[in-house]
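Right, one structure below, let's go through it.
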Amino acid sequence: MENREDVKSILPFLPVCLRSSSLFWPPLVVEALKALSEGPHYSNVNSGQVLFLAISNIRNSLSLPDSSISSSASDGFSLLFDDLIPRDEAVKWFEEVVPKMADFLLRLPSLLEAHYEKADGGIVKGVNTGLRLLESQQPGIVFLSQELVGALLACSFFCLFPTNDRGAKHLPMINFDHLFAYLYDQYDEKFENKLKCILHYFERIGSLIPVGYISFERKVLSLEHGTFAFPYPKENFWSQSSISLCPFKISNSGLIEDQSSEAVEVDFANKYLGGGALSRGCIQEEIRFMINPELIAGILFLPCMADNEAIEIVGTERFSNYTGYASSFRFNGDHVDQKEIDVLGRRKSRIIAIDALSSPGKGSTGEINKALCGFLDHLKCHQYQKFFQDMGSQHDPNVKGSSGHSEVYHLSEGNPSTSSQTIEGTLANQLLRNHEAHYCSHLDYQQEIGVVTGNWGCGAFGGDPQLKAMLQWLAASQALKPFIMYYTFDLKALQMLGQVAQWISSQGWTVGELWDMLMDYSVQRLRGETGAGFFSWLLPSLNSHDTILLNNSHNV
Numbered sequence: 397m398e399n400r401e402d403v404k405s406i407l408p409f410l411p412v413c414l415r416s417s418s419l420f421w422p423p424l425v426v427e428a429l430k431a432l433s434e435g436p437h438y439s440n441v442n443s444g445q446v447l448f449l450a451i452s453n454i455r456n457s458l459s460l461p462d463s464s465i466s467s468s469a470s471d472g473f474s475l476l477f478d479d480l481i482p483r484d485e486a487v488k489w490f491e492e493v494v495p496k497m498a499d500f501l502l503r504l505p506s507l508l509e510a511h512y513e514k515a516d517g518g519i520v521k522g523v524n525t526g527l528r529l530l531e532s533q534q535p536g537i538v539f540l541s542q543e544l545v546g547a548l549l550a551c552s553f554f555c556l557f558p559t560n561d562r563g564a565k566h567l568p569m570i571n572f573d574h575l576f577a578y579l580y581d582q583y584d585e586k587f588e589n590k591l592k593c594i595l596h597y598f599e600r601i602g603s604l605i606p607v608g609y610i611s612f613e614r615k616v617l618s619l620e621h622g623t624f625a626f627p628y629p630k631e632n633f634w635s636q637s638s639i640s641l642c643p644f645k646i647s648n649s650g651l652i653e654d655q656s657s658e659a660v661e662v663d664f665a666n667k668y669l670g671g672g673a674l675s676r677g678c679i680q681e682e683i684r685f686m687i688n689p690e691l692i693a694g695i696l697f698l699p700c701m702a703d704n705e706a707i708e709i710v711g712t713e714r715f716s717n718y719t720g721y722a723s724s725f726r727f728n729g730d731h732v733d734q735k736e737i738d739v740l741g742r743r744k745s746r747i748i749a750i751d752a753l754s755s756p757g758k759g760s761t762g763e764i765n766k767a768l769c770g771f772l773d774h775l776k777c778h779q780y781q782k783f784f785q786d787m788g789s790q791h792d793p794n795v796k797g798s799s800g801h802s803e804v805y806h807l808s809e810g811n812p813s814t815s816s817q818t819i820e821g822t823l824a825n826q827l828l829r830n831h832e833a834h835y836c837s838h839l840d841y842q843q844e845i846g847v848v849t850g851n852w853g854c855g856a857f858g859g860d861p862q863l864k865a866m867l868q869w870l871a872a873s874q875a876l877k878p879f880i881m882y883y884t885f886d887l888k889a890l891q892m893l894g895q896v897a898q899w900i901s902s903q904g905w906t907v908g909e910l911w912d913m914l915m916d917y918s919v920q921r922l923r924g925e926t927g928a929g930f931f932s933w934l935l936p937s938l939n940s941h942d943t944i945l946l947n948n949s950h951n952v
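Numbered per this note's numbering, the sequence shown finishes at 952, counting up by one with no gaps.
Structure below.
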């Protein structure tokens, strides 16, 4: 195991030790965890104060410095378990849940070893799925069992992950000490209720160990030529696209996480996965990480996203219901996740983390490329490449142009070519161009998987919700998604979204034509020739007989 590159990359960020091809806890840690697993009558851990003392002793046995944990964390543990939680619930927690968490931690070394045994093509043929640092500009995927994720999150709760090297690798915090510290230092009910979601998660997995899998994928639009990956679109790519716009569905109420369609659900992400989930944050991304706590595991090994990257997480289970938003956020009891299981053992919950640009006025190309990166199916691309490598072929003979040759599309030019190209050029560009319907059926492409999204980057980053709706529509269409479902959250600026989307669809516009319209509008805004929003700018230009088409239909 010492020779595995994936193990070498992640080991500095794990609390376990490696020797003679075996992972293990130091003896003093094993002794402490075994005592906790016996329950409070043996360990005497029956309060938040004593629990933190036990955690501190384990941390000392791992040689973790006191400076690496928030000084107020101990007060937060005491406040939560000794004051805020009803005593009968706290007693149950120490008698039933803490021993189960200790069992998870004791099994962590063996769970990791079993994980690496399956990592070399045992889950996805030809793909390394082992736990490792998925660094920036390195596309890849990690598959973790829900049981292993439970053990990793128990490490977070016990604040056992080493933190010294995380900043240098652009990794966000992973231990839960800041959650407890904020509870004490800046008490707010939202902090208490975030922790209630976490406690509920451990109660659930302690009573019944989940048996599914979760995948964490770093998606990259390649900035280099000649690499096998989807290339980062050039400036003229979007205007030259002749792909039809996909159906646009609208909901003025409801929540993205409650939708029931086969779709990827957009996480309005921070470039650091999870944003403020483990600190003060409590908006869209942070709430999703609380009700689906298994998402937190990605924070361990996924450094911040670059402008050409996105992160997709498939298979997390939702454990909690909630009400409110931001300061009004409240835990609202148990949630039983009814999502179906896919062929790889993952729940069909697909979450795409894409971070908006902090300066949206600089242009739309970066943001639409970011959305496209998230919406494209990169894993299918890799599987397709592997298939043709195994067959010893560089071309897909089933994709023919009018001349009978394989059609290849160049992002830099946007025009078809009949010249021979490597599979890298053929696949990466073909997926982004015309005639994909036949091509993607050969890929066993899951055409039913749409996109569910909303006002991405329209809060602190100041994005224009009308433009963001159009850009995400374009990206979903270019990625060959069968539909986009847009939640407006009853935002006033989007009152005419249904009418505008219906009119655009009635005109039969392509991706390129809508993109050109957006660019014309942006130029006029930049020159000061219009101060109107995009919808108001577009609608006066319609012929009077076309305005009859404007109604309140929400499916176009």
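Beta carbons are placed, not taken as given, at the ideal position from N, Cα and C, and that holds for glycine. As the structure is a computational prediction, the values presented were derived from the model and not from experiment.
* Flag this pair as touching only if the segment 706-715 and the segment 725-737 have three or more C-beta atom pairs under 8 Å; answer yes or no. => Segments in contact, yes.
* To do: Would you verify that the beta carbon of Gly904 is, or is not, closer than 8 Å to some beta carbon of chain D?
  => Of the protein chains in this structure there is only one, and it is not chain D.
* **Residue from Ile601, Ala510, Phe771 whose Cα sits closest to the Cα of Gly546** => Restricting attention to Ile601, Ala510, Phe771, the CA atom closest to the CA of Gly546 is found in Ile601.
* Asked: In whole angstroms, what separates the C-alpha of Leu691 from that of Phe490?
  -> About 25 Å.
* **Identified DSSP bridge partners for Asn524** => Looking at the DSSP assignment, Asn524 forms a beta bridge with Asp516.
* Provide the residue(s) that pair with Phe420 in DSSP beta bridges, ordered along the chain. => Cys413, per the DSSP bridge assignment.
* To do: Could you tell me the distance, in whole angstroms, from the CA atom of Glu398 to the CA atom of Ile519?
  => Answer to the nearest angstrom: the Cα atoms are 22 Å apart.
* To do: Would you please state the rounded distance, in angstroms, between the beta carbons of Leu507 and Glu543? I believe it to be under 8 Å.
  => That belief holds up - the Cβ atoms of Leu507 and Glu543 are roughly 6 Å apart, short of 8 Å.
* To do: Take Lys496 as the anchor and find which of Leu876, Glu434, Gly904 has the nearest alpha-carbon.
  => Here the closest residue by C-alpha is Glu434.
* Asked: Which one of Val919, Ser902, Arg921 has the shortest CA to CA distance from Ser640?
  -> Looking at the Cα atoms, Ser902 is the closest of the given residues.
* To do: Leaving out five residues on either side along the sequence, give the residues of the same chain with a beta carbon under 8 Å from the beta carbon of Thr906.
  => For Thr906, where only same-chain residues beyond five positions count, the Cβ hits under 8 Å are Ser637, Ser638, Ile639, Ser640, Leu641.
* Asked: Who are the Cβ neighbours of Gly762 in its own chain at under 7 Å, not counting the five residues just before and after it?
  -> Asp703, Leu753.
* Start-end ranges of the beta strand (DSSP E) lying completely within the segment 635-699, minimum 3 residues -> Counting only runs of 3 or more residues that sit fully inside the segment 635-699, the beta strand (DSSP E) segments are 644-647, 659-665, in chain order.
* Check whether the Cβ atoms of Ile750 and Tyr721 lie closer than 8 Å to each other. => Their beta carbons are not under 8 Å apart, which means Ile750 does not touch Tyr721 by this criterion.
* Quick one: is Leu604 buried, meaning 16 or more other Cβ sit within 10 Å of its Cβ, or exposed? -> Label assigned to Leu604: exposed.
* Asked: If you draw a straight line from the alpha carbon of Arg684 to that of Gly850, how long is it in whole angstroms?
  -> When the Cα atoms are used, Arg684 and Gly850 turn out to be separated by approximately 14 Å.
* Hey, how far is the Cα of Asp886 from the Cα of Gly677? -> For Asp886 and Gly677, the gap between their C-alpha atoms comes out near 23 Å.
* Asked: What separation, rounded to the nearest whole angstrom, lies between the Cα atoms of Arg923 and Leu934?
  -> Straight-line spacing of the CA atoms in Arg923 and Leu934 works out to 17 Å.
* Please determine, among Cys551, Pro936, Glu531, Gly526, the residue with the shortest C-alpha to C-alpha distance to Asn539. => Just to set this straight, residue 539 is Phe in the shown sequence, not Asn. Measuring from the Cα of Phe539, the nearest candidate turns out to be Gly526.
* Asked: Which same chain residues, not among the five before or five after Val441, have their C-beta less than 7 Å away from its C-beta?
  -> Closer than 7 Å at Cβ, skipping near neighbours: Leu432, Leu447, Ala450, Phe490, Val494.
* Is Gly563 helix, strand or coil when you go by DSSP? -> Helix.
* Asked: Name the DSSP beta bridge partners of Ser541, please?
  -> Ser541 is bridged to Tyr609.
* What is the rounded straight-line gap between the Cα of Pro861 and the Cα of Ala897? -> In a straight line, the C-alpha of Pro861 is about 14 Å away from that of Ala897.
* How is the beta strand (DSSP E) around Tyr882 delimited, first residue to last? -> Here the beta strand (DSSP E) through Tyr882 covers 880-883.
* Asn560 classed as buried or exposed, judged by whether at least 16 other C-beta atoms fall within 10 angstroms -> Result: exposed.
* Asked: With Glu585 and Leu579 assumed to form a contact (beta carbons below 8 Å), what rounded beta-carbon distance in angstroms separates them?
  -> Actually they are not in contact, since the Cβ atoms of Glu585 and Leu579 sit about 10 Å apart, beyond 8 Å.
* Please state whether DSSP places Ala702 in a helix, a strand or coil. => DSSP places Ala702 in coil when its eight states are reduced to three.
* Asked: Whole-angstrom Cβ separation of Asp654 and Ile748, contact assumed at under 8 Å?
  -> About 17 Å; that fails the 8 Å criterion.
* To do: Please report the Cβ distance between Ala469 and Asn453, rounded to the nearest whole angstrom; I am assuming they are in contact, meaning their Cβ atoms lie under 8 Å.
  => Contact doesn't hold; Cβ gap of about 14 Å is too wide.
* **Through-space distance from Ala706 to Lys667, alpha-carbon basis** => Going by the C-alpha atoms only, they are around 9 Å apart.
* Between the C-alpha atoms of Leu424 and Gly853, what's the straight-line distance to the nearest angstrom? -> Counting only the Cα atoms, Gly853 lies some 47 Å from Leu424.
* **Opening and closing residue of the beta strand (DSSP E) in which Asp402 lies** => Membership of Asp402 in any beta strand (DSSP E) is not indicated; the residue belongs instead to the alpha helix (DSSP H) covering 401-406.
* Please list, in chain order, all residues of the same chain as Met701 whose beta carbon is under 6 Å from its beta carbon, the five residues on each side excluded. => The answer, listed in chain order, is Lys667, Asp751.
* To do: Could you please give the first and the last residue of the uninterrupted beta strand (DSSP E) stretch that includes Asn728?
  => Asn728 -> beta strand (DSSP E) spans 726-730.
* Can you grab the Cα-Cα spacing for the pair Asp417 / Pro461, in whole Å? => The question names Asp, yet the displayed sequence has Ser at residue 417. As the crow flies, the alpha-carbon of Ser417 is around 27 Å from that of Pro461.
* For Leu910, which option in Pro878, Gln868, Phe879 has the closest C-alpha, if you only look at C-alpha atoms? -> Of the candidates Pro878, Gln868, Phe879, Gln868 places its Cα closest to the Cα of Leu910.
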